[in-house]
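Chemist:
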Amino acid sequence: MKIGIAILLSLFMTLSVFAKTKKGKNVVIKYKKYESFDLGNLEIEGKIIAPGDLSVKERSRRTFSRALFEREQFDAEVRKDIQNLR
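Last residue of the sequence shown: 89 in my numbering, with the numbers rising by one and none dropped.
Below you can see the structure in the form of structure tokens.
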């Protein structure tokens, strides 16, 4: 028990010594006020490859077998939206 407390206390003291900063030094960080990029002047090396076939396979629409249409409070627009769900 005493050894554990002594180790913990010595560890705390050594870490606190290293954590102290030197007084009198002010750290000043300066950032660029303005920076611009000319995107028209950029050069990209390499091959320009046109994309190949970008077609999308059309899928059939799903039909839902829920009891949503059995309710009477649905408007025609809401029914249409439910039918067009994917």
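In this text, a Cβ means the ideal position worked out from N, Cα and C, and glycines have one as well.
All of these numbers come straight from a predicted model, not from anything done at the bench.
Do you know how far the Cα of phenylalanine 15 is from the Cα of isoleucine 96?
Modeler: The question about residue 96 has no answer, for the chain in this structure spans 4 to 89.
Chemist: Taking the alpha-carbon positions, what's the serine 13 to tyrosine 34 distance?
Modeler: 41 Å
Chemist: Which stretch, first to last residue, makes up the alpha helix (DSSP H) that contains lysine 83?
Modeler: 79-86
Chemist: What separation, rounded to the nearest whole angstrom, lies between the Cα atoms of glutamate 46 and tyrosine 37?
Modeler: Cα to Cα, glutamate 46 sits roughly 23 Å from tyrosine 37.
Chemist: Nearest CA to the CA of serine 63: which residue from Asn29, Ala9, Thr17, Leu88?
Modeler: Leu88
Chemist: Helix, strand or coil for phenylalanine 40, going by three-state DSSP, please let me know.
Modeler: coil
Chemist: If we ignore side chains and look at the alpha-carbon of each, how far apart do alanine 79 and serine 58 end up?
Modeler: 33 Å
Chemist: Where serine 39 and isoleucine 32 are concerned, what is the direct C-alpha to C-alpha distance, given to the nearest angstrom?
Modeler: 21 Å
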